[in-house]
Amino acid sequence: MSPVLADVLQVTALIGALALVHRPLGDFMAAVYSSKKHLRVEKWIYRSVGANPDAEMRWPAYLRGVLIFSAVGVLFLYVLQRVQDKLPLSLGFKPISPDQAFNTAASFISNTNWQSYSGEVAMSHVTQTAGLAVQNFVSAAVGMAVAVALVRGFARSRTGDLGNFWSDLVRGTVRILIPLSVIAAIILVACGAIQNFGDIHHITTLTGEKQAISPGAVASQEAIKDLGTNGGGFFNANSAHPFENPNGLSNLLEIFLLLVIPFSMPRTFGKMVGSLKQGYAIVAAMGIIWFAAVIAVTWLEYAHPGTASQLAGGAMEGKEQRLGEGASSLFSVSTTMTSTGSVNSFHDSFGGLSGGVLLLGMMLGEITPGGTGSGLYGMLIMAIIAVFLAGLMVGRTPEYLGKKIGTREIKLAACYILITPALVLIGTAVAIALPDGKEAMTNIGAHGFSEVLYAYTSASNNNGSAFAGFGANTPFFNTALGLCMLLGRFLPMVFVLALAGSLAEQKPVPETAGTLRTEKPLFTGLLVGTLLIVTGLTFFPALALGPLAEGLSS
Numbered sequence: 169m170s171p172v173l174a175d176v177l178q179v180t181a182l183i184g185a186l187a188l189v190h191r192p193l194g195d196f197m198a199a200v201y202s203s204k205k206h207l208r209v210e211k212w213i214y215r216s217v218g219a220n221p222d223a224e225m226r227w228p229a230y231l232r233g234v235l236i237f238s239a240v241g242v243l244f245l246y247v248l249q250r251v252q253d254k255l256p257l258s259l260g261f262k263p264i265s266p267d268q269a270f271n272t273a274a275s276f277i278s279n280t281n282w283q284s285y286s287g288e289v290a291m292s293h294v295t296q297t298a299g300l301a302v303q304n305f306v307s308a309a310v311g312m313a314v315a316v317a318l319v320r321g322f323a324r325s326r327t328g329d330l331g332n333f334w335s336d337l338v339r340g341t342v343r344i345l346i347p348l349s350v351i352a353a354i355i356l357v358a359c360g361a362i363q364n365f366g367d368i369h370h371i372t373t374l375t376g377e378k379q380a381i382s383p384g385a386v387a388s389q390e391a392i393k394d395l396g397t398n399g400g401g402f403f404n405a406n407s408a409h410p411f412e413n414p415n416g417l418s419n420l421l422e423i424f425l426l427l428v429i430p431f432s433m434p435r436t437f438g439k440m441v442g443s444l445k446q447g448y449a450i451v452a453a454m455g456i457i458w459f460a461a462v463i464a465v466t467w468l469e470y471a472h473p474g475t476a477s478q479l480a481g482g483a484m485e486g487k488e489q490r491l492g493e494g495a496s497s498l499f500s501v502s503t504t505m506t507s508t509g510s511v512n513s514f515h516d517s518f519g520g521l522s523g524g525v526l527l528l529g530m531m532l533g534e535i536t537p538g539g540t541g542s543g544l545y546g547m548l549i550m551a552i553i554a555v556f557l558a559g560l561m562v563g564r565t566p567e568y569l570g571k572k573i574g575t576r577e578i579k580l581a582a583c584y585i586l587i588t589p590a591l592v593l594i595g596t597a598v599a600i601a602l603p604d605g606k607e608a609m610t611n612i613g614a615h616g617f618s619e620v621l622y623a624y625t626s627a628s629n630n631n632g633s634a635f636a637g638f639g640a641n642t643p644f645f646n647t648a649l650g651l652c653m654l655l656g657r658f659l660p661m662v663f664v665l666a667l668a669g670s671l672a673e674q675k676p677v678p679e680t681a682g683t684l685r686t687e688k689p690l691f692t693g694l695l696v697g698t699l700l701i702v703t704g705l706t707f708f709p710a711l712a713l714g715p716l717a718e719g720l721s722s
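Using this note's numbering, read the sequence shown as starting at 169 and increasing by one per residue.
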C-alpha cells in the first residue's frame, strides 16, 4: 500500500468515527447538562465544597465560581511542585523552581499544558497524578461549563440565570470526562502504553551507555490529555514517545480523542437551543477549515520544498519513522486547531509554509473545532460577528437564534476577539526587542521570529505546543508566557459569560421573511469567510515576517 493511500484511508476512518459518535455523544452531553438529577458521588462532592447545585446563577456569580476555582487550582499546583521532594513517590526529584512552578501551574489550570520541563526527569508520581492529571480533567470541564452557560444564554429568555457552575463542573467531570478517559486508557494499555507507579529503571544499552527509563501512570494521563484537549505529555517527547503512543493504531486513537468532544459539542448546542440544524451549520464550518488544513499541511510536507529539507531527509526530519508524514501532518493540524499541545513530531521541523498553516490554526482562535468547550463558545462568538456583518450589508438589525445582536452584544464579542491578538502581537514584539528573546532563539532570521511568534500564539490561545528550537525555560519567558496563558484563558471567559447573561435577559424576536437563516449553507460560508478575513487582517503582517518569508525563500 502506498503512503498516500494509507493516509487517505486514515483520514477517512477518522472522519467516519467522528461522524459515528457525533450524534450519540452530542445528545448525551446535552442530557447531562440539562438533567435535574444528581448522582450520589456528585452529591458528596457538593457537600464537601459547600455548594448548592440547584441554585441558579447570574453571569457575575457564575464567573466568580470559575475564577475562584481556578485560582485555588493555581495555588495548589504551585505548592505541590515546590514541595514534591518531601512527598511520597518523589523519585528523588528536586522541587521545581519558582518561575517554572508558576508557569506550569498557570499552564495546566488554563488548559494550555505548555511544558518548559521534561516530565520524566522533573515531576514526581504525585505531582503527575494528583496535580497535573487532575487539572487535565477539571480545566477541560471548566471550558465545557462556560460553553454550556453561553448556550443557555441563547436558549433562555427573560432571565439572567445561566445554570450553576459547580453542577456543570462536576457533571462534566464525573459523567463525561472520567468514563470516556477510562475507556480510552484501557485501549491505550492494550495498544502498548505503560501504566504503573514503579521506580526508575537503570539499564545498559547495546553501546554500553547508561540509560534511565522512567515509568509512570502514562496511559491514564494520555487519555485525558487528548480527550480534554490538554496536551501535557508525561514524557518530554510527548506523543512521539513509544510509551505514550506505541503504534499507528494508538496514534489514530489519540487524534480521535483530540477531536471527538469539540466536534460533538455543536450537536449539544443544537439540541439545547431546539434546532439541530444550527449545530450542523457550526460543525460544518469547523470541519471545512480543519479538512482544508489537513490537505494543505500534508501536501506541503510531501512536497518538502527546500534544499536543506531534502538534504536532511525530506519531510521526515523531526518526525517519527513509525508514523510517517501523513500521520504526523494529521496529528499536527488536529492539535493546533484544538487547544491541545499534544504533538507526535517536532513542529519546528515542519516547512515554512506548513508551519505557517499550524500557526494559522491557532490564530483562528482554536475554534476549528477548538478545545473542549472553548471551541464552541469561540465559534459562537464568531457567528455573532458574522451575523453582525450580514446585518450591515443589508441594513437590518442583526439577529441570531431569535436574539437581537445590539450594541452591548457586539461590543462584548469584539472585546473577546481582540484579547488574544493583543497578547500575541504585543508579547512577541516585546520578546523580540529584549535580549531574552534573542537568546532563546536557536535560529536566526524568519524562522527565529516564527519560534517567538509561535510561543506567544500557543500560550495566549491556550494551545501548549511549541517550536522545539525555542529555549523558553528562563525566568522571563516562564513568567511572561504564564501571564499570557492566564489572561488568554480567563479574560475571554469574562466577555463570554457577560454576553450569555445579556442574551438570556432578552425576549425572543419572532422570525420574519427578512431574518437571516443561520442554519443554511450560505451562513456556513459566511462564517468561514468571516473567520479567515478577521484572522488574516489581524495576523497577516506577523505571518509575512515569519513563516511566509521562510517558505517563499526556500
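Don't be surprised by glycine CBs; every beta carbon is placed ideally from N, CA and C.
Straight across, the Cα-Cα distance linking Asn-631 with Asn-398 is about 8 Å. Taking C-beta atoms under 8 Å as the contact rule, Ala-672 and Arg-339 fail to qualify, at a distance of about 20 Å. Distance from the CA of Leu-374 to the CA of Gly-492, rounded to the nearest whole angstrom, comes to 26 Å.
For Gln-446, the enclosing alpha helix (DSSP H) starts and ends at 444-471. Between the segment 577-596 and the segment 548-558, the count of Cβ pairs shorter than 8 Å is three or higher; the stretches touch. In this structure, Asp-394 is the residue among Asp-394, Gly-360, Thr-686 with its C-alpha nearest to the C-alpha of Leu-348. Boundaries of the alpha helix (DSSP H) around Gln-249: 227-250. Exposed is the label assigned to Asp-222, since fewer than 16 other Cβ atoms lie within 10 Å of its Cβ. Collapsing the DSSP output to three states places His-369 in a strand. Of the other Cβ atoms in all chains shown, fewer than 16 fall within 10 Å of the Cβ of Trp-212; this residue is therefore exposed.
It is roughly 26 Å from the alpha-carbon of Pro-689 to the alpha-carbon of Phe-196.
Taking a cut-off of 8 Å on C-beta distances, the segment 318-332 does not touch the segment 360-379, as fewer than three cross pairs fall below it.
Taking a C-beta distance under 8 Å as the contact criterion, Thr-508 and Leu-421 do not qualify as a contact pair. The secondary-structure analysis by DSSP pairs Phe-638 across a beta bridge with Met-609. If you draw a straight line from the Cα of Ser-502 to the Cα of Phe-459, it is about 10 Å long.
Going by C-alpha positions, Thr-686 is about 23 Å away from Leu-186.
One Cα belongs to Leu-659, the other to Gly-376, and the distance between them is close to 53 Å.
A check of alpha carbon separations from Val-451 across Gly-442, Ile-463, Ala-461, Gly-438 identifies Gly-438 as the nearest. A residue is called buried once 16 or more other Cβ atoms fall within 10 Å of its Cβ, and Lys-378, having fewer, is exposed. Residues Leu-182, Ala-185, Leu-186 of the same chain have their beta carbon placed closer than 8 Å to that of Phe-424, with the five preceding and five following residues left out of the count. CA-CA distance, Gly-401 to Arg-564, rounds to 49 Å. By the Cβ rule, the segment 309-319 counts as touching the segment 528-544, because three or more pairs are nearer than 8 Å.
When C-alpha distances from Ser-382 are compared across Pro-603, Leu-207, Leu-649, Asn-404, the shortest belongs to Asn-404. In the structure shown, Ile-264 falls within a coil segment according to DSSP collapsed to helix, strand and coil. Non-local beta-carbon contacts of Val-525 in its own chain, meaning distances under 6 Å to residues more than five positions away in sequence, involve Ala-461, Ala-464, Val-465 in chain order.
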